[in-house]
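Peer 1: Sending over a structure as structure tokens; questions will come in a sec.
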């Protein structure tokens, strides 16, 4: 149906209704119709385009311009509108729904006057109805995004702060904000709001004449400043002085005279540089807030951020087919972050979406062509492209400032004044010149600033500004020399921070934050490039490796160190750089690529170099890593020997946290070989004072929560204390940034909860482990988490699913030679297979695991493996073999001082003996073991033991009493 209205009209008639849009009135047969404000807005929008389909998005944007609503709100008001019109009564239709497209006004409309029906859909002045727009104030954009509260705040301040300068880089939205403020303040100033566009001026001397012209004041002298002051005296007025930066001196002089001599005048100035005059209040306009880099982002949450809202809104305006989905939300967020929330840049990018699509537009942002994207034809020349905007600012600074500005483009993210001086200064420019230039570049909004916790300042070039400056750097042929100074600075900086002396000082302060990683990566990329320096690349990687490890970037650490080692070539004389590289490569590769031979070889070579160089810190570090390597492989006797060597080194260093770390290694080894009293002794000794545990202590292993204590306590027969130890370890883990210890805390805590029968807690920890390990690409720990979930499923009776998960987990772990947790997972698998009657498969799994354990020298898992095998043999009817395995299990548990394992085996033996003539021995043994417990009576094992003793007692076997708490 063709539209019978091609543009808005003052009044319109349809059926018995008459619509007065400007008065916001709807009459039926001359009687006003009671219609809500939103429903009336919908009606006006539909009547304007009668006969055309108006999309739901367009209606929502028109009716709810400043908030985000869903389609349900639109449907509610459409229903109310139809009810008020009597839509459908007697067959009359006004508004119909066009499925998948929107709504259409289908009743014939007669236009009554050739005048606008409603404010222009693109430009709308927010003024009272029928008020006259000031002739000297540009129209306000229909609506702004993300500045609503700010407009109100500044409007309230203008009376007390009579000169407000809106300060910020080009394209951030200063003029738009100032115009919106002017419209909002029209009534307060009696329409005496005057807008002065200074951007069109070619010379500073033209400022007074332009202001006079905007006031309608005839210019009769070369300097009409005095006439302006006399004209405004006694007149309450608001001057909006737009784009002051290129005429800052005369403009500042005039503004200060007005503030001091004409109390009735208020001024709003927009500038990339503050005026620096008496009475000025500078409001630094922040970029639009962008969605964060981390966190789950769906469409709804993404649109709650102003930068994303603006991008999507402008994209929709340019392409009616664009619709934000949950899958595209992260892409929108990435675009907004790359553009630093700069409104102009976002609008230019939105204009590309209709041509290139969302994802291709995001990819194009990494190319400098974004600087040439064109915006609205009606925009001022300096806002037509990002290059034009930046040219405007660039041309206002001196040659020396331009040189320093382009050299600073080598920085990624923020940088310090020290770093800027190191990179921008050379034989021709002194460090003091850099300080002066940065002050001016900050003032002119070419550099932004941010404060950090210690009150020092950091600087940053916004992404678009940096791309512009980098193009200038390459144009002048200075890119290679600036990048080389940048890489050398970071090498020196890392060396100063990571000296051996600082590392062994528990009170040393790590002063390289995570935000500097981007600069270090850029320095590495240059150093390894064809134009770089290979020697510098090796030294820089060696220094940076510990930082990547500190921030748990193990994959990245492995890649960079592998690259550096390939440059280094075959082993030569012992060097500190090679020692650092071998240590970092072995450590990171062990956790990210499995326990392969390359990791072991790198750590072994690193230890040889540390011993040759006499570096005790690296000796301890590498012994600790080799301890972890052997522990993961299940070779616990080897770990004990390594722990004892580490203890000797720690004693020589005499660092309190290092000694505690050595106790931890010894405790873990004794625990896993089965010496629980010795393990507990080392755990109790390992208690560094809180003041000694720092992020930069020589022995970060000393910061690992004492999760081993929970398992040792359970084995020794203290289940309640074991659970409390898990809780304390969880609390300690909150402040641990290294992901591997956090994974260990999660797994070992789950072991304890599984042993006491709290499977809900096991499931929660399994889910937590999988999510956390996935974040850091710790494949073996992900497999352990899946195995834990399989054990939970088997306990709940979901045997097949549980067995499937456990088989996959064990396959993955054994492929990575990661045997630390295979014993426990094999026990759960055997339980599942036995419960489903697949005894042969269960026995094979147990025999394979027992063979591996024995080949590795035995372990803590062996008593439980033998007990489970004995239980399966009994199920198969081989009672003699079952009893043999159970008695071997019991003997091992006793040698380990593992009271809880003795209890489990004694229960299995008692069940085997029920109904046999010699059951009394098993009953007495079980009763004696139960009697040694002083806590944990609500745990699954002790409840089962009490029930079993009662059952045996009912068969005429006397039952000793169990002590209880």
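In this note's numbering, the protein residues as written are 4 to 968. Yeah, the Cβ is synthetic: ideal placement off N, Cα and C, and Gly gets one too.
1) Mind checking who residue 270 pairs with in its DSSP beta bridge?
2) Looking only at DSSP bridge pairs, what is residue 14 linked to?
3) When the Cα of residue 411 is compared with those of 427, 401, 397, which residue comes out closest?
4) Quick one: using the 10 Å Cβ neighbour count with 16 as the cut-off for buried, is residue 229 buried or exposed?
5) Do residue 199 and residue 181 come within 7 Å of each other at the CB atom, strictly closer than that value?
6) Starting from the C-beta of residue 37, find all residues in its chain whose C-beta is less than 8 Å away, skip the five residues before and the five after it, and write them out in chain order.
7) Short of 6 Å in beta carbon distance, which residues of its chain neighbour residue 615, apart from the five on each side in sequence? Order them along the chain.
8) May I have a chain-ordered list of the alpha helix (DSSP H) segments no shorter than 4 residues that lie completely inside the stretch 163-216?
9) Quick one: Cα of residue 211 to Cα of residue 554, how far?
10) So, is residue 678 buried or exposed, given that buried needs 16 or more other C-beta atoms within 10 angstroms?
11) Roughly how far, in whole angstroms, is the beta-carbon of residue 174 from the beta-carbon of residue 291, given that I think they are within contact range, below 8 Å?
12) Only counting runs of 4 or more residues, tell me where the alpha helix (DSSP H) segments fall wholly within the stretch 705-743, in order along the chain.
13) Would you report the Cα separation of residue 206 and residue 486, rounded to the nearest angstrom?
14) Using the beta-carbon count (16 or more within 10 Å), is residue 277 buried or exposed?
15) Starting from residue 285, trace the beta strand (DSSP E) in both directions and tell me its first and last residue.
16) Name the two residues that bound the continuous beta strand (DSSP E) containing residue 107.
17) Which term fits residue 759, buried or exposed, when burial requires 16 or more other beta carbons within 10 angstroms of its beta carbon?
18) Determine, using beta carbons only, whether residue 613 comes closer than 7 Å to chain B.
19) Quick one: residues in its chain with C-beta nearer than 8 Å to the C-beta of residue 476, no 5 flanking neighbours on either side, listed in chain order?
20) Quick one: what's got a C-beta closer than 8 Å to residue 302's C-beta in the same chain, skipping five residues either side?
21) Tell me the residue span of the alpha helix (DSSP H) that contains residue 462.
22) How is the beta strand (DSSP E) around residue 101 delimited, first residue to last?
23) For residue 274 versus residue 248, is the C-beta spacing smaller than 7 Å?
24) Near residue 714, what residues of its chain come up, given a Cβ to Cβ distance below 8 Å and the 5 sequence neighbours on each side ignored?
25) Starting from residue 257, trace the beta strand (DSSP E) in both directions and tell me its first and last residue.
26) Given residue 433, which residues of its chain have a CB within under 8 Å of its CB, disregarding the five upstream and five downstream residues?
27) Excluding the 5 residues preceding and the 5 following residue 595 in the sequence, name in chain order all residues of the same chain whose CB lies nearer than 8 Å to its CB.
28) Contact defined as beta carbons within less than 8 Å: I believe residue 995 pairs with residue 465. What is the distance between those atoms, to the nearest angstrom?
29) Just verifying my parser: in three-state terms, what is the DSSP assignment at residue 296?
30) Quick check: the Cα distance between residue 261 and residue 253, rounded to an integer number of angstroms?
31) On the DSSP bridge list, what partners appear for residue 57?
32) For residue 29 and residue 112, what's the separation of their Cα atoms in angstroms?
33) Is residue 236 near residue 265, with beta carbons less than 7 Å apart?
34) In the DSSP assignment, what residue or residues form a beta bridge with residue 987?
35) Distance check for residue 585 and residue 450, CA to CA, integer angstroms please.
36) Ignoring anything shorter than 3 residues, give me the beta strand (DSSP E) runs that lie fully in the stretch 418-494, in order along the chain.
Peer 2: According to the structure shown:
1) According to DSSP, residue 270 bridges with 166, 242.
2) Here residue 14 is bridged, per DSSP, to 23.
3) Answer by Cα proximity: 427.
4) In the assembly as shown, residue 229 is an exposed residue. Its beta-carbon has fewer than 16 other beta-carbons within 10 Å.
5) No.
6) Answer for residue 37: 87, listed in chain order.
7) Excluding positions up to five away in sequence, the list reads 577.
8) DSSP runs (the alpha helix (DSSP H)) wholly in the stretch 163-216: 177-187.
9) Our two residues, residue 211 and residue 554, have alpha carbons roughly 57 Å apart in a direct line.
10) Residue 678 should be labelled buried.
11) Contact between residue 174 and residue 291 does not hold, since their C-beta atoms are separated by about 11 Å, which reaches or exceeds 8 Å.
12) Counting only runs of 4 or more, we get 711-719, 722-736.
13) Near 38 Å, if we compare the C-alpha coordinates of residue 486 and residue 206.
14) The residue in question, residue 277, is buried, as its Cβ has 16 or more Cβ neighbours within 10 Å.
15) From DSSP, the beta strand (DSSP E) with residue 285 extends over 283-287.
16) Counting along the chain, the beta strand (DSSP E) containing residue 107 begins and ends at 105-108.
17) Buried, since its Cβ has 16 or more Cβ neighbours within 10 Å.
18) The chain labelled as chain B is not found in the depicted structure, where only one protein chain is given.
19) Answer for residue 476: 409, 410, 412, 413, 482, 485, listed in chain order.
20) Here the set comprises 327, 328, 329, 331, 332.
21) Run containing residue 462: none in the alpha helix (DSSP H); it sits in the beta strand (DSSP E), 460-463.
22) Per DSSP, the continuous beta strand (DSSP E) segment holding residue 101 begins and ends at 98-101.
23) Note that the C-beta distance between residue 274 and residue 248 is below 7 Å.
24) Closer than 8 Å at the Cβ level, and outside the excluded window around residue 714, lie 674, 725, 751, 754, 755.
25) That residue, residue 257, is in no beta strand (DSSP E); its alpha helix (DSSP H) goes 251-264.
26) Taken in chain order, the list of residues that qualify is empty.
27) Closer than 8 Å at Cβ, skipping near neighbours: 557, 558, 561, 780, 781, 782.
28) Here the chain comprises residues numbered 4 to 968, so residue 995 is not present and cannot be evaluated.
29) Three-state result, residue 296: coil.
30) Each residue's alpha carbon lies about 12 Å from the other.
31) 106, per the DSSP bridge assignment.
32) Cα-Cα distance, rounded: 14 Å.
33) Taking 7 Å as the cut-off, the Cβ atoms of residue 236 and residue 265 count as close.
34) A query on residue 987 cannot be resolved here, the shown segment of the chain reaching from 4 to 968 and no further.
35) Cα to Cα, residue 450 sits roughly 40 Å from residue 585.
36) For the stretch 418-494, whole beta strand (DSSP E) runs of length 3 or above, ordered along the chain, are 451-454, 460-463.
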